[in-house]
Amino acid sequence: MGKRRATRFPGKRRLRRERKAGKAKGQDSLNILMQRPSWSAGRACRRISVKEEAPYTDLQNKVDKPPFERSMIDLEKKIPLIIDTDPGVDDAFCMLLANSSDRVEIRAITAVAGNVPLCHTKENARRLAGMMGLRGTRVAAGAEKPLIVPQETAEMAHGKNGMGGLELPETDKELDLLPAWDVIYEECKKAEGEMQIVAVGPLTNIAIALLKYPELKGLIKHLIIMGGAQTTGNHSPYGEFNVWADPHAAEIVFQAGVPMTMIDLDACHMSYLTDEEYDTFVGMKNRYSENFFEFMAKREEERKSRMAGTPFAGKHSPPDAVTIAALLDEDLFTYEWLPVSVETHGPCMGRTVVDYRNREGKTPNCRVVRGADRQRFVNLFYKMAEVYAK
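Be aware that the sequence shown starts at 6, since it is given in my numbering, and climbs by one per residue.
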């Protein structure tokens with residue numbers, strides 16, 4: 006196959022038209038990133054050399070067996086943790102749940118554009134970190150836009166500021182001077198191969214970090230993402246929002262050779278609180294009851310009306326909280342190692358393709374949820390309320 010001719014980066018309107026038509030010009034080549042001067046990570050990517058004919062090959066890590074197992078968890082040590090997030094109402098639950106555990110040490114919180122633009126997600130991350138008293142935790146801003154596709158947000162679900170209109174208390178917590186991908190690399194290097202990352206937004210920051218620092222994949226012990234769907238999506242018939250919002254970044258991460266677990270929409274639907282359980286949780290008075298949990302309860306009442314008559318009625322399942330729960334309780338889910346890839350173009354763009362029978366003989370690259378113990382998730386929520394009541 007001959008060398009592809011250089012392609013001029015299309016404008017936003019043209020990309021939007023092509024996305025609707027099932028195309029994404031230049032989707033086969035990451036060199037297109039270096040041609041986009043308006044992209045916030047342009048400086049980082051211009052230093053990255055990527056082969057035109059096989060853009061992801063250099064990141065792949067062929068292994069003979071799954072690279073992460075429960076036996077690798079040391080229950081006596083605190084887990085060094087980075088949360089990559091786009092806060093987001095359920096992202097806030099994720100951060101609060103992580104902070105309530107004595108098993109983790111949150112080393113950094115990195116913000117990415119997703120549910121709402123970066124100007125809101127980085128501010129929400131900064132204020133949430135301050136509200137939780139995370140003095141030694143770095144908070145950094147990351148990518149403002151997806152790698153290639155036009156940016157689309159989920160303000161209809163999270164409100165204009167991402168927190169459904171809730172104004173988080175101001176804090177003297179400052180943003181890190183370095184961008185998110187540099188903070189991710191520095192903290193992983195400090196952790197000497199023990200770092201775990203929970204990514205609950207689009208995977209743009211993680212993809213940039215892996216591209217800029219090829220050695221990073223060997224420094225990450227485990228990556229858990231909230232993203233993808235084994236059956237149906239939530240933002241399109243096939244695509245879950247986090248993967249759909251930046252499918253090229255997701256495909257880079259899935260094929261990078263990092264030990265990873267996918268907490269997809271189907272896993273989240275297995276882990277939920279009933280109306281009665283959620284009311285019990287909100288009624289457990291603690292330091293965040295009045296200014297956060299009760300506000301979230303009002304938001305849930307709005308959600309109830311939207312979910313009425315659907316299979317999800319009466320079920321409270323904040324996806325990002327489910328994802329951090331998978332880290333805190335390894336017995337919450339049962340898993341299977343399977344090959345997973347991401348559709349980056351066409352009408353199914355953003356779909357996570359799980360090859361259950363491994364017809365192509367690929368090395369399994371991801372732990373996929375196959376079952377759940379719902380009560381363990383409920384117990385984690387109750388325990389969080391008890392911890393914050395002290």
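For each residue, glycine too, the CB sits at the ideal point set by N, CA and C.
As the structure is a prediction and not an experimental result, all values here were calculated from the model.
At what residues does the alpha helix (DSSP H) containing residue 287 begin and finish?
Start and end: 280-288.
Whole-angstrom Cβ separation of residue 215 and residue 248, contact assumed at under 8 Å?
At roughly 16 Å, the Cβ-Cβ gap does not stay under 8 Å, so residue 215 and residue 248 are not in contact.
I'd like to check one pair, residue 92 with residue 110: are the Cβ atoms closer than 8 Å?
Cβ distance not < 8 Å, so residue 110 and residue 92 don't count as in contact.
Is DSSP giving residue 402 helix, strand or coil here?
Because the chain in this structure spans residues 6 to 395, residue 402 falls outside the shown range and cannot be described.
I need the straight-line Cα distance from residue 357 to residue 204, nearest angstrom please.
About 16 Å.
Give a yes or no on contact between the region 129-143 and the region 223-236, applying the rule of three or more CB pairs nearer than 8 Å.
Verdict: no, contact absent.
Taking just the CA atoms, how far does residue 235 sit from residue 96?
The straight-line gap from Cα to Cα measures roughly 22 Å.
Comparing the CB of residue 285 with every heavy atom of the ligand NAP, is any distance shorter than 7 Å?
For the ligand NAP, the structure offers nothing, since it holds no ligand at all.
Run through the DSSP bridge pairs and tell me what residue 115 is partnered with.
Partner(s): 89 and 145.
Rounded to the nearest angstrom, what separates residue 67 and residue 89 at their Cα positions?
Confidence in residue 67 is poor, its pLDDT being 37 and thus under 50, which makes the residue's placement unreliable; the coordinate value appears in the next sentence. Roughly 26 Å separates the two Cα atoms.
Helix, strand or coil: which one does DSSP assign to residue 226?
Residue state, collapsed to three classes: strand.
Give me, in chain order, the residues of the same chain whose beta-carbon lies closer than 6 Å to that of residue 201; leave out the 5 immediate sequence neighbours on both sides.
Around residue 201: 84, 86, 226 and 227.
Measuring alpha carbon to alpha carbon, tell me which of 107, 324, 381 and 244 ends up nearest residue 349.
When only C-alpha atoms are compared, the closest one is 244.
Looking only at its own chain, which residues have a Cβ that is under 7 Å from the Cβ of residue 319, when we skip the five neighbours before and after it?
Taken in chain order, the residues that qualify are 279 and 280.
Alpha carbon to alpha carbon, how far is residue 386 from residue 168?
Answer to the nearest angstrom: the Cα atoms are 20 Å apart.
Are the CB atoms of residue 108 and residue 343 within a distance shorter than 8 Å?
No, the pair does not count as a contact, with Cβ atoms beyond the cut-off.
Would you check if the distance between the CB atom of residue 232 and the CB atom of residue 267 is smaller than 8 Å?
Yes; because the gap between Cβ atoms is below 8 Å, this pair is in contact.
Using the Cβ count rule (16 or more neighbours within 10 Å means buried), how would you classify residue 123?
The residue in question, residue 123, is buried, as its Cβ has 16 or more Cβ neighbours within 10 Å.
Going by beta carbon distance, what residues of the same chain come within less than 7 Å of residue 48, once the five residues before and after it are set aside?
Low confidence applies here, because residue 48 scores a pLDDT of 44, under 50, leaving its location unreliable; read the following figure in that light. If we look at residue 48 and ignore the five residues flanking it on each side, it has no Cβ neighbours.
Less than 8 Å separating the beta-carbons of residue 321 and residue 393?
Against a cut-off of 8 Å, the Cβ pair of residue 393 and residue 321 comes out as no contact.
DSSP three-state call for residue 371: helix, strand or coil?
In the structure shown, residue 371 sits in a strand (DSSP, three-state: E or B).
What separation, rounded to the nearest whole angstrom, lies between the Cα atoms of residue 242 and residue 140?
So the alpha carbons of these two residues sit roughly 42 Å apart.
In terms of alpha-carbon separation, which member of 143, 171, 291 and 340 lies closest to residue 180?
Nearest of 143, 171, 291 and 340 to residue 180, Cα basis: 143.
Skipping 5 residues on each side, what residues in its chain have a beta carbon closer than 7 Å to that of residue 336?
Contacts found: 378 and 381.
How many angstroms separate the CA atom of residue 346 from the CA atom of residue 359?
Cα to Cα, the separation comes out at about 7 Å.
Between residue 270 and residue 239, is the Cβ-Cβ spacing less than 8 Å?
For residue 270 and residue 239, yes; Cβs fall inside 8 Å.
Please classify residue 172: is it buried, with 16 or more other beta-carbons within 10 angstroms of its beta-carbon, or exposed?
The residue is exposed, with fewer than 16 neighbouring Cβ atoms inside 10 Å.
So, residue 252 versus residue 373, is the Cβ gap smaller than 8 Å?
Not in contact: residue 252 and residue 373 (Cβ atoms no closer than 8 Å).
Out of 369, 162, 246 and 361, state which residue places its alpha-carbon closest to the alpha-carbon of residue 353.
When only C-alpha atoms are compared, the closest one is 246.
If you draw a straight line from the alpha carbon of residue 370 to that of residue 290, how long is it in whole angstroms?
Looking at the two C-alpha atoms, the distance is approximately 42 Å.
Count the other CB atoms, across all protein chains shown, that sit within 10 Å of the CB of residue 187; report buried if there are 16 or more and exposed otherwise.
Looking at its Cβ environment, which holds 16 or more other Cβ atoms inside 10 Å, residue 187 is buried.
Hey, how far is the Cα of residue 283 from the Cα of residue 390?
Approximately 11 Å between the Cα atoms of the pair.
Skipping 5 residues on each side, what residues in its chain have a beta carbon closer than 6 Å to that of residue 178?
So the qualifying residues of the chain are 131, 134 and 135.
Find out if the Cβ-Cβ distance for the pair residue 229, residue 328 is shorter than 8 Å.
Contact: yes.
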